[in-house]
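Chemist:
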Amino acid sequence: MKIALIGYGKMGHEIERIALERGHEIVCTIDIGEEDKFTSSAFGSADVAIEFTSPQSALQNYRRAFAAGVAVVSGTTGWLEHLDEIKDECHKNGKTFFYASNFSLGVNIFFALSNYLAKVMNRYSEYDVRMEETHHIHKLDAPSGTAITLAEGIIEKLDRKEKWVSGQESEPSELAIEAFREGEVPGIHTVIYESACDTIRITHDAKNRSGLALGAVLAAEFTRGKKGFLGMRDMLGSL
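The sequence shown begins at 912 in my numbering and counts up by one.
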């Protein structure tokens, strides 16, 4: 499979390493200041472009890839206020886009575990719930896209929570997400249920970027030849 990389920092290099190990070809890399490559024949030859950049540039990157007729797999977070625009591009204009806030298999198992726990805890109103997430100092958005996905899953199952808020302070109907930015931490997410009697914590602690990169390459393999808006539920099924 021919893959283009949009964003060629640490994550892009790790995706490249894993893609090459799996027998794929990297036909084009696009980094900051190299936007002219979107119109190159090399980029246009890609089966799929994998995009990890910044919230500020993501939407324009998608549109440029669509204009070149290239399917996109993206893990960039912080731009989701424009998600409906991308879904419209897929449904109305036949574009292909795979999005996940986190491509790690372990994180997606964690999502399923958190959703199940929230369903159980819906019966026990004496427990309040909050979240913590920690990432490296280079991460631009807070809370993380992964934390937001976790929070939305909890809110869907927990009747006493209506929305999430950023920070420590919250109303009883709000789910607080406290975000920390420290060193080079790949990502730690914790869901905390607390009562007057005890505390229940579940945590996912990423050791490195390899799990994310492998998941992105697997998503590209899954996306090739498909149409429409896709996500981890499509790839992983009932998980």
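No residue lacks a Cβ here, since even glycine has one placed at the ideal position from N, Cα and C.
1. Three-state secondary structure (DSSP) at Val-1040?
2. Starting from Gly-955, follow the beta strand (DSSP E) in both directions and report where the run begins and ends.
3. Between which two residues does the alpha helix (DSSP H) containing Asp-1145 stretch?
4. Starting from the Cα of Val-1128, find the closest Cα among Glu-932, Lys-921, Gly-920 and give me that residue.
5. Select from Ile-961, Val-1031, Val-981, His-1047 the residue whose C-alpha is nearest the C-alpha of Ser-952.
6. With respect to the beta strand (DSSP E) encompassing Arg-1112, which residues constitute its N-terminal and C-terminal limits?
7. I'd like the ranges of any beta strand (DSSP E) spanning at least 3 consecutive residues and lying wholly in the stretch 984-1039.
8. Taking its Cβ as the centre, do 16 or more other Cβ atoms sit within 10 Å of His-993, making it buried, or is it exposed?
9. Assign Arg-1092 to one of three DSSP states: helix, strand, or coil.
10. Could you please give the first and the last residue of the uninterrupted alpha helix (DSSP H) stretch that includes Thr-1101?
11. Report all residues from its chain with a CB closer than 7 Å to the CB of Glu-927; omit the five preceding and five following residues, and keep chain order.
12. Smallest Cα separation from Ala-976: which of Thr-940, Leu-991, Asp-995?
13. Are the Cβ atoms of Glu-1093 and Thr-1045 separated by less than 8 Å?
14. Leaving out five residues on either side along the sequence, give the residues of the same chain with a beta carbon under 6 Å from the beta carbon of Tyr-1027.
15. Assuming Ala-1009 contacts Gly-1142 under a Cβ cut-off of 8 Å, what Cβ separation, rounded to an integer in Å, is found between them?
16. Determine whether the beta carbon atoms of Thr-1114 and Thr-1101 lie at a separation below 8 Å.
17. Are the CB atoms of Val-1040 and Tyr-1104 within a distance shorter than 8 Å?
18. Taking 6 Å as the limit between beta carbons, can you name the residues of its chain near Ser-985, skipping five residues before and five after?
19. If you count every other CB in all the chains shown that lies within 10 Å of the CB of Val-959, and 16 or more means buried, which is it?
Modeler: Working from what's here:
1. strand
2. Gly-955 -> not in any beta strand (DSSP E); alpha helix (DSSP H) instead, spanning 952-955.
3. 1143-1147
4. Glu-932
5. Val-981
6. 1110-1116
7. 1007-1010
8. exposed
9. strand
10. It is not in any alpha helix (DSSP H) - Thr-1101 instead sits in the beta strand (DSSP E) that spans 1099-1105.
11. Leu-916, Ile-937
12. Thr-940
13. yes
14. none
15. This sequence places Phe at residue 1009; Ala is not what is there. Yes, they are in contact, since the Cβ atoms of Phe-1009 and Gly-1142 sit about 7 Å apart, within 8 Å.
16. yes
17. yes
18. Glu-962, Tyr-1010
19. buried
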